[in-house]
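Visitor: Heads up: the sequence shown begins at 217 in my numbering, then just goes up one per residue.
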Amino acid sequence: MSRHRKYPEELLERGARLVFESGRPVAHVAAELGIGPESLRKRVRQAEAGRRSARRSADQLGAAAAAAAA
């Protein structure tokens with residue numbers, strides 16, 4: 217049976233940032249930081265979802281501002 221570990225939030229955030237900035241595979245970054253690859257993969261997915269949500273919100277605000285200016 218696998219053992220669940222709780223990694224510090226800062227470490228997971230750092231790992232996700234490294235994946236995005238370096239373009240390296242999640243498994244490589246996870247091994248370098250000494251964390252489980254699935255834990256990091258989950259954090260990367262969460263960050264990607266947050267980025268998409270933020271991008272959509274910015275697009276919606278831009279469209280609303282353009283409509284208001286017209």
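The beta carbon of each residue, even a glycine, is placed where N, CA and C say it ideally should be.
#1: Would VAL242 and PRO224 be called neighbours here (beta carbons separated by less than 7 Å)?
#2: Closer than 6 Å by C-beta to LEU234: which residues in its own chain qualify, once you throw out the five before and the five after it? Chain order, please.
#3: CA-CA distance, GLU237 and GLY231?
#4: Can you list, in chain order, the residues of its chain with a C-beta nearer than 7 Å to that of ALA265? Leave out the 5 residues immediately preceding and following it.
#5: Taking 7 Å as the cut-off, decide whether the C-beta atoms of LEU228 and ARG257 are in contact.
#6: At which residues does the alpha helix (DSSP H) containing HIS244 begin and terminate?
Guide: The short version:
#1: no
#2: VAL245
#3: Our two residues, GLU237 and GLY231, have alpha carbons roughly 10 Å apart in a direct line.
#4: none
#5: Contact flag unset, no.
#6: 242–249
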